[in-house]
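Novice:
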Amino acid sequence: MLNADVEVDRRDFTVRASIAVPPGGRLALFGPSGAGKTTILEVIAGLAAPRRGRIVLGERVLTSTSPPVRAVPPWKRRVGLLRQDPALFPHLSVRANLAYGGTVGEPELAEMAGVLGLGGLLSAMPARLSGGQGHRVALGRLLLAPCDALLLDEPFTGLDASLRRGLTDLVAGLVTARGVPAVLVAHELADAQAFADRLAVLDRGELLQDGPPDEVVLRPASRRAAELVGYLGFVPVQGLPEGAGLAGIHPERTLPGAHPDHGVVLTGTVSTRRPAGAGWEADVRVAGTVITCRLPDRPPDGEFVLTALDPPYFGPDGTAVPAPDRRPEQGRGQGRGQVRG
Amino acid sequence: MSVIVAAVIWIALLGPVIALLTHLSWSAIRSSLSAPGALDPLVVSLESGAVTLGVLVVIGTPLAWLMARGRLPFPRVWEAGVLCSLLLPPLVIGLLLIFMVGPYTPIGELLGHLNLSATNTFLALCIAEVYESAPYYVLSAQAAFSGVDPRLEQQAQLLGDRPARVFRRVTLPLATPGLAMGLSVAWARAMGAFGAVIIIAYHPFGIPLQIYTTLQETGLASALPFALVLLVVALPLPLAAYIWSARAERRRRG
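Top line first, the protein sequences correspond to chains A and B.
Mapping of the first sequence onto the working numbering: residues 124 to 464, in sequence order.
Mapping of the second sequence onto the working numbering: residues 24 to 277, in sequence order.
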């Protein structure tokens, strides 16, 4: 179990985070660049000191700012950190890199090399490796060293998508097999979702939400969290428990046509449209605001009706409020909005 | 065209070496070097050069590392200080060393109590050579350490190495080619040290002073063989360092 409850001062804001990752658990810290995600990892690794906080890994207290004060140095933490730069030792062969941190025997090393697909590369020098190979060596080096927790700081950014997906699956599998807690930092939601069984949204040092990835994406706790996970439009709606509010519209959760049983039916006019992948992306003007939606076919000119699937609702202060149909006294489908542009 | 331009400049720069090799005759070399005691200065130069290198490694390496890692306040001031002794003409360094370690200074008196003297002794020769060569070593060692990515050291720490072990396993091996180059340039400077040496350490004779006095006493022709000796003695270490660091680089590229 990795428990970290820390406050770290940065130049323009304070990073506050409280995370708990069970053995084999995979937490993704997701947020925009500069939100303080890397800072949290550095504090856990012992590379930066928190102003206040307590970090416990298994039975060991790694950091404590309250008595008894503790600050275990990085080399005694047994915490592995993988960054975008694999930081292989350029003067050592792949074999020596893999064996750097551990007292591993040849069979163990060969087995890890096999798992990582590095079998034929053990005597190669790092300069000869491709980007994906370099990351696999760095990963193997961490896992062969005494490692009680794995920290991943956007490790596969810059690799192409299929390679990134393969490595992410590999790490996720190894983390589960080893039973170590893992924390991934990501600024791409898809990377975070592909890896994590739990998602924490961070913005300007504040932890906005923490929960299973589905829940965070489908039920963001606040308007800001919704914006970060990809809600691009907020449409005013009436009839919420608290009165007026906003429905968050995610481009990928819209359907053309009126489907009142599945969400909010919106009527607006298409202002711009562009091909996107195998379908279309359109900006639609609804109720004085513009929402973006992904559609399978080219949307028509003029009036356009679409359905936002089961959107999250936000009150005037920006925090999430229950959807109208979630109130137990109401039956399904009642209270769903009809918004006209 | 560019090859010709480069060749002309290169040959012009090599001019003195070419002149040395074309004006030497075997008989002159044999007669100069077979005189009794003719090779004593060579021994003095080698010994003092070795002591100088030892001192530079011991005092220059930590300073260079601290400067490279930005662990010192006002880093520019430290660099400027090291550069100072590079900017001072060696002759001036010699004069100033008299004021620093001469017999009538506090340091000189302290040395006197230990029955040592820092003028016209082997100690004085070493001091002069250290001052003439130190900035070459410290500045190139600083550059060598700066070239080691701190993230590699950080990673080594996270893999369980305490800082001293990180230095030995990561920092030092990666900086070694640069350190060797710096050390070999310092060696060449120490071998050829003349300006400061002639002021505070006229005795015991090293090769540069032997060349100078031979020139004064018997003329150019008999001085030249000693110039060849200087070249032969000063060159192998830089050359070896160069070849070795080039090989280390090649090995790293796989």
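A virtual CB, placed ideally from N, CA and C, is assigned to each residue, including glycine.
Since this is a predicted model, take the numbers as computed values, not measurements.
Give the residues from the region 159-173 of chain A that approach chain B closer than 9 Å (Cβ to any Cβ), ordered along the chain.
Specialist: Correct list: 168, 169 and 170.
Novice: How about residue 393/A and residue 440/A: do their beta carbons lie closer than 8 Å?
Specialist: For the purposes of this step, residue 393/A is taken as the residue at position 270 of the first sequence. For the purposes of this step, residue 440/A is taken as the residue at position 317 of the first sequence. In this structure, residue 440/A does not lie closer than 8 Å to residue 393/A by Cβ.
Novice: Determine, using beta carbons only, whether residue 355/A and residue 306/A come nearer to each other than 8 Å.
Specialist: Position 232 of the first sequence holds residue 355/A. Position 183 of the first sequence holds residue 306/A. Contact flag unset, no.
Novice: Mapping DSSP to helix, strand and coil, what is residue 236/B?
Specialist: In the second sequence, the residue the question calls residue 236/B occupies position 213. Residue state, collapsed to three classes: helix.
Novice: Going by the beta-carbon positions, is the gap between residue 281/B and residue 214/B smaller than 8 Å?
Specialist: The structure shown does not extend to residue 281/B, since chain B spans only 24 to 277, so no value can be given for it.
Novice: Please state the DSSP three-state secondary structure of residue 178/B.
Specialist: Locating residue 178/B in the second sequence gives position 155, where the first residue counts as 1. Reduced to three states, the DSSP call for residue 178/B is helix.
Novice: Nearest CA to the CA of residue 324/A: which residue from 127/A, 284/A, 293/A and 351/A?
Specialist: As a working mapping, residue 324/A is identified with position 201 in the first sequence. Minimum Cα distance to residue 324/A is reached at 351/A.
Novice: Is the Cβ-Cβ distance between residue 200/B and residue 257/B less than 8 Å?
Specialist: Taking the first residue of the second sequence as position 1, residue 200/B is located at position 177. Taking the first residue of the second sequence as position 1, residue 257/B is located at position 234. No, they are not a contact pair.
Novice: So within the region 199-230 of chain A, which uninterrupted beta strand (DSSP E) runs reach at least 3 residues, ignoring any that extend past its ends?
Specialist: Whole beta strand (DSSP E) segments, 3+ residues: 202-205.
Novice: Do the CB positions of residue 276/A and residue 164/A come within less than 8 Å of each other?
Specialist: The residue given as residue 276/A occupies position 153 in the first sequence. The residue given as residue 164/A occupies position 41 in the first sequence. Yes.
Novice: Over what stretch of residues does the alpha helix (DSSP H) that includes residue 398/A continue unbroken?
Specialist: Translated into the one-based positions of the first sequence, residue 398/A becomes position 275. Where residue 398/A is concerned, there is no enclosing alpha helix (DSSP H), although the beta strand (DSSP E) it sits in stretches over 386-399.
Novice: Does the region 116-124 of chain B touch the region 168-187 of chain B, meaning 3 or more C-beta pairs lie closer than 8 Å?
Specialist: Judged by Cβ distances under 8 Å, the region 168-187 of chain B makes no contact with the region 116-124 of chain B, as fewer than three pairs qualify.
Novice: Three or more C-beta pairs closer than 8 Å, one from the region 173-192 of chain A and one from the region 224-232 of chain A: is that the case here?
Specialist: Not touching, per the Cβ criterion.
Novice: Distance check for residue 212/B and residue 89/B, CA to CA, integer angstroms please.
Specialist: Counting from one through the second sequence, the residue named residue 89/B turns up at place 66. Counting from one through the second sequence, the residue named residue 212/B turns up at place 189. Approximately 24 Å between the Cα atoms of the pair.
Novice: With 7 Å as the C-beta to C-beta threshold (strictly closer), list the residues of the region 182-210 of chain A near chain B in chain order.
Specialist: The residues in question are 197, 198, 202, 203, 204, 208 and 210.
Novice: For chain B, check one thing: does any of its Cβ atoms lie closer than 8 Å to the Cβ of residue 287/A?
Specialist: As a working note, residue 287/A is residue 164 in the first sequence. False, the Cβ-Cβ gap to chain B never drops below 8 Å.
Novice: In whole angstroms, what separates the C-alpha of residue 267/B from that of residue 189/B?
Specialist: Locating residue 267/B in the second sequence gives position 244, counting from the first residue. Locating residue 189/B in the second sequence gives position 166, counting from the first residue. Going from the Cα of residue 267/B to the Cα of residue 189/B covers about 23 Å.
Novice: List the endpoints of the continuous alpha helix (DSSP H) containing residue 149/B.
Specialist: Counting from one through the second sequence, the residue named residue 149/B turns up at place 126. Its alpha helix (DSSP H) spans residues 145-169.
Novice: Whole-angstrom Cβ separation of residue 249/B and residue 71/B, contact assumed at under 8 Å?
Specialist: By 1-based counting over the second sequence, the position of residue 249/B is 226. By 1-based counting over the second sequence, the position of residue 71/B is 48. Between residue 71/B and residue 249/B the Cβ distance is about 16 Å, and since that is not below 8 Å, they are no contact.
Novice: Could you have a look at residue 267/B and say whether DSSP puts it in helix, strand or coil?
Specialist: On the second sequence, residue 267/B is found 244 positions in, with the first residue counted as 1. It is helical.
Novice: Between the region 49-69 of chain B and the region 124-139 of chain B, can you find at least three pairs of beta-carbon atoms closer than 8 Å?
Specialist: Short answer: they don't touch.
Novice: With 8 Å set as the bound, which would you pick, yes or no: does the beta-carbon of residue 183/B sit closer than that to a beta-carbon of chain A?
Specialist: Working through the second sequence from its first residue, we reach residue 183/B at position 160. Yes, its Cβ sits closer than 8 Å to a Cβ of chain A.
Novice: Can you give me the C-alpha to C-alpha distance between residue 206/A and residue 169/A, rounded to a whole angstrom?
Specialist: In the first sequence, residue 206/A corresponds to position 83, counting from 1. In the first sequence, residue 169/A corresponds to position 46, counting from 1. The alpha-carbon atoms of residue 206/A and residue 169/A are separated by roughly 15 Å.
Novice: Rounded to a whole number of angstroms, what is the C-alpha to C-alpha distance between residue 391/A and residue 341/A?
Specialist: For the purposes of this step, residue 391/A is taken as the residue at position 268 of the first sequence. For the purposes of this step, residue 341/A is taken as the residue at position 218 of the first sequence. Rounded to the nearest angstrom, the two C-alpha atoms are 23 Å apart.
Novice: What residue ranges within the region 132-192 of chain A form continuous alpha helix (DSSP H) runs of no fewer than 4 residues, ordered along the chain?
Specialist: Counting whole runs of 4 or more residues, the region 132-192 of chain A contains the alpha helix (DSSP H) stretches 160-168.
Novice: Is it buried or exposed for residue 138/B, if we count other Cβ within 10 angstroms and need 16 for buried?
Specialist: As a first step, residue 138/B is located in the second sequence; it is residue number 115 there, counting from the start. Residue 138/B should be labelled exposed.
Novice: Along the region 420-449 of chain A, where does the CB come closer than 9 Å to a CB of chain B? Name the residues.
Specialist: Going along the region 420-449 of chain A in chain order, one finds no residue with a Cβ nearer than 9 Å to chain B.
Novice: Can you tell me which residues form a DSSP beta bridge with residue 345/A?
Specialist: Position 222 of the first sequence holds residue 345/A. In DSSP, residue 345/A forms a bridge with 442/A.
Novice: Taking DSSP as the reference, what is the three-state secondary structure of residue 259/B?
Specialist: Translated into positions along the second sequence, residue 259/B becomes position 236. Three-state DSSP puts residue 259/B in a helix.
Novice: Can you check whether the C-beta of residue 223/A is within less than 8 Å of a C-beta belonging to chain B?
Specialist: In the first sequence, the residue the question calls residue 223/A occupies position 100. Yes, because at least one Cβ of chain B sits closer than 8 Å to the Cβ of residue 223/A.
Novice: First and last residue of the alpha helix (DSSP H) that includes residue 265/A?
Specialist: As a first step, residue 265/A must be located in the first sequence, where it is residue number 142. Note, residue 265/A: alpha helix (DSSP H), 254-267.
Novice: Which value, in whole angstroms, describes the spacing of the CA atoms of residue 451/A and residue 362/A?
Specialist: As a first step, residue 451/A must be located in the first sequence, where it is residue number 328. As a first step, residue 362/A must be located in the first sequence, where it is residue number 239. Bear in mind that a pLDDT of 41 at residue 451/A, under 50, signals an unreliable position, so the number given afterwards is only what the model happens to contain. Taking the straight line from one Cα to the other gives about 15 Å.
Novice: Which residue from 328/A, 339/A and 293/A puts its Cα closest to that of residue 318/A?
Specialist: Along the first sequence, one-based indexing puts residue 318/A at 195. Minimum Cα distance to residue 318/A is reached at 293/A.
Novice: Can you check whether the CB of residue 156/B is closer than 8 Å to the CB of residue 79/B?
Specialist: Walking along the second sequence from the start, residue 79/B turns up at place 56. Walking along the second sequence from the start, residue 156/B turns up at place 133. Contact flag set, yes.
Novice: Between the Cα of residue 429/A and the Cα atoms of 436/A, 417/A and 438/A, which residue gives the shortest distance?
Specialist: Locating residue 429/A in the first sequence gives position 306, counting from the first residue. Closest option to residue 429/A, Cα to Cα, is 417/A.
Novice: Answer yes or no: does any C-beta atom of chain B fall closer than 8 Å to that of residue 258/A?
Specialist: Locating residue 258/A in the first sequence gives position 135, where the first residue counts as 1. So, not an interface residue.
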